[in-house]
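Numbering (this note's numbering), first residue to last: 14 to 332. Everything on this sheet refers to the single structure shown next.
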């Protein structure tokens with residue numbers, strides 16, 4: 014559907030009659046203005062020789078001015094009637110994809126009706142509204158202001174997971190963050206814009222968005238399944254030393270990032286931790302690690318290892 018394309022035709026007969034009536038009224042007003050102006054000119058000459066009173070001359074001039082104003086009013090009325098007539102052909106205001114028509118031929122419609130005739134959606138590009146907790150937005154901004162995170166701002170790219178779990182092929186860009194918080198949900202809307210030439214994204218569709226709002230240079234990502242809780246409720250991991258000996262260590266976690274924890278303390282890049290098989294790896298025991306690829310245990314980067322009795326992994330730098 015292209016902008017300006019005809020969609021509906023409203024019965025034009027009453028509007029054509031209004032245009033004809035406005036034209037007739039304008040013609041009548043123009044005929045009156047000619048007579049009024051001619052009389053005003055004659056009275057202007059007569060008043061100079063005192064053939065008529067000054068009041069009569071002023072009345073003639075006022076009548077001519079009123080006739081000119083009437084012509085202007087009738088011209089405006091004609092333009093208004095012509096606009097109404099032109100609107101009997103309902104045209105698409107924007108380009109996009111059109112939905113079903115809610116009215117059939119011959120149905121009665123009015124300007125005050127609640128239901129639209131149809132809906133046109135602009136699909137390329139398309140906006141994606143992302144709900145994010147206002148508390149998370151506030152914490153992120155505070156960390157950026159404090160220098161703990163390097164902000165990416167509006168240059169951040171956005172990736173989408175569709176309802177069937179597939180990845181949307183094109184990247185989007187952050188457009189803006191809304192300036193208000195929804196009091197019922199405590200969330201803010203972050204809007205991204207995506208190219209949508211294939212029409213895969215549709216209004217009302219649920220998608221999962223991921224994007225980098227800030228970068229923590231000294232952060233580490235650790236798979237969630239590698240983190241346990243001790244008797245005090247503190248997050249702990251099993252660390253494998255260079256000699257293969259296992260030890261338990263308390264770590265500091267910030268937030269989740271996908272299937273990982275963002276670790277802010279207690280670990281260093283390059284250290285190996287037990288990811289799977291922790292039931293066979295106890296503090297003080299020795300394991301023989303085997304290197305694995307990151308995708309096999311869910312890590313985003315870094316080296317991973319496994320042993321016959323346990324799997325270990327290098328925590329990776331997080332975002």
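Every residue, glycine too, gets a C-beta built ideally from N, C-alpha and C.
Should the stretch 94-103 be regarded as contacting the stretch 168-180, the criterion being three or more beta carbon pairs within less than 8 Å?
Segments in contact, no.
Output the boundary residues of the alpha helix (DSSP H) element that contains residue 85.
Numbered from 1 along the chain shown, position 72 holds the residue referred to as residue 85. 67-99 is the span of the alpha helix (DSSP H), which, as asked, contains residue 85.
Could you spell out the range, first to last residue, of the beta strand (DSSP E) harbouring residue 2?
The chain is shown from 14 up to 332; residue 2 falls before or after that span and cannot be answered.
Tell me the residue span of the beta strand (DSSP E) that contains residue 2.
With the chain covering 14 to 332 only, the question about residue 2 has no answer from this structure.
Could you give the DSSP three-state label for residue 29: helix, strand or coil?
Position 16 of the chain shown, counted from the first residue, corresponds to residue 29. Looking at residue 29 - three-state DSSP - the assignment turns out to be helix.
Of the choices 245, 110, 149, whose alpha-carbon is the least far from that of residue 209?
Stepping through the chain shown from its first residue, residue 209 is reached at position 196. The shortest C-alpha separation from residue 209 is found at 110.
On the CB-based measure, 16 or more other CB atoms within 10 Å of its CB, does residue 285 come out buried or exposed?
Position 272 of the chain shown, counted from the start, is the residue given in the question as residue 285. Buried: at least 16 other Cβ atoms inside 10 Å.
Entirely within the stretch 147-195 and at least 4 residues each: give me those alpha helix (DSSP H) ranges in chain order.
147-158
Going straight from the alpha carbon of residue 280 to that of residue 199, what length do you get?
The residue you call residue 280 lines up with position 267 of the chain shown. The residue you call residue 199 lines up with position 186 of the chain shown. Cα to Cα, residue 280 sits roughly 34 Å from residue 199.
Buried or exposed (CB count within 10 angstroms, at least 16 for buried), residue 296:
Counted from its first residue, the chain shown places residue 296 at position 283. By the neighbour-count rule (16 or more Cβ atoms within 10 Å), residue 296 is not buried but exposed.
Three-state secondary structure (DSSP) at residue 219?
Your numbering for residue 219 matches position 206 in the chain shown. Residue 219: coil per DSSP, three-state reduction.
Indicate whether the contact test is met: 3 or more Cβ pairs, each with one atom in the stretch 113-130 and one in the stretch 181-192, closer than 8 Å.
no
Note down the Cα distance separating residue 311 from residue 138, rounded to an integer number of angstroms.
Within the chain shown, residue 311 is the residue found at index 298, counting from 1. Within the chain shown, residue 138 is the residue found at index 125, counting from 1. With a pLDDT of only 39 at residue 311, under the threshold of 50, the placement of this residue in the model should not be trusted; the figure read from the coordinates follows. Their backbone Cα atoms lie some 33 Å apart in a straight line.
Closest residue to residue 79 among 56, 49, 90 (Cα-Cα distance):
Reading the chain shown from its first residue, position 66 is the one you call residue 79. The shortest C-alpha separation from residue 79 is found at 49.
Just to confirm, are residue 53 and residue 73 a CB contact at a threshold of 9 Å?
As a position in the chain shown, residue 53 is number 40, starting the count at 1. As a position in the chain shown, residue 73 is number 60, starting the count at 1. Yes, the Cβ-Cβ distance between residue 53 and residue 73 is below 9 Å.
Is residue 211 helix, strand or coil when you go by DSSP?
Here residue 211 corresponds to residue number 198 of the chain shown, with the count starting at 1. The answer is coil: DSSP assigns residue 211 none of H, G, I, E or B.
Please list, in chain order, all residues of the same chain as residue 15 whose beta carbon is under 8 Å from its beta carbon, the five residues on each side excluded.
Stepping through the chain shown from its first residue, residue 15 is reached at position 2. Once the five neighbours on either side are set aside, the close Cβ partners of residue 15 are 105, 108.
What residue range does the beta strand (DSSP E) around residue 292 cover?
Numbered from its first residue, the chain shown carries residue 292 at position 279. That residue, residue 292, is in no beta strand (DSSP E); it is neither H nor E in DSSP.
Is the stretch 83-95 in contact with the stretch 127-146, if contact means three or more CB pairs nearer than 8 Å?
With a cut-off of 8 Å, the stretch 127-146 and the stretch 83-95 do not count as touching, because too few Cβ pairs lie within range.
Spatially closest choice to residue 17 from 133, 193, 70, 245, by CA coordinates
As a working mapping, residue 17 is identified with position 4 in the chain shown. Residue 133 is the option with its Cα nearest to residue 17.
Report yes or no: do three or more beta-carbon pairs, one from the stretch 226-242 and one from the stretch 142-159, lie closer than 8 Å?
yes
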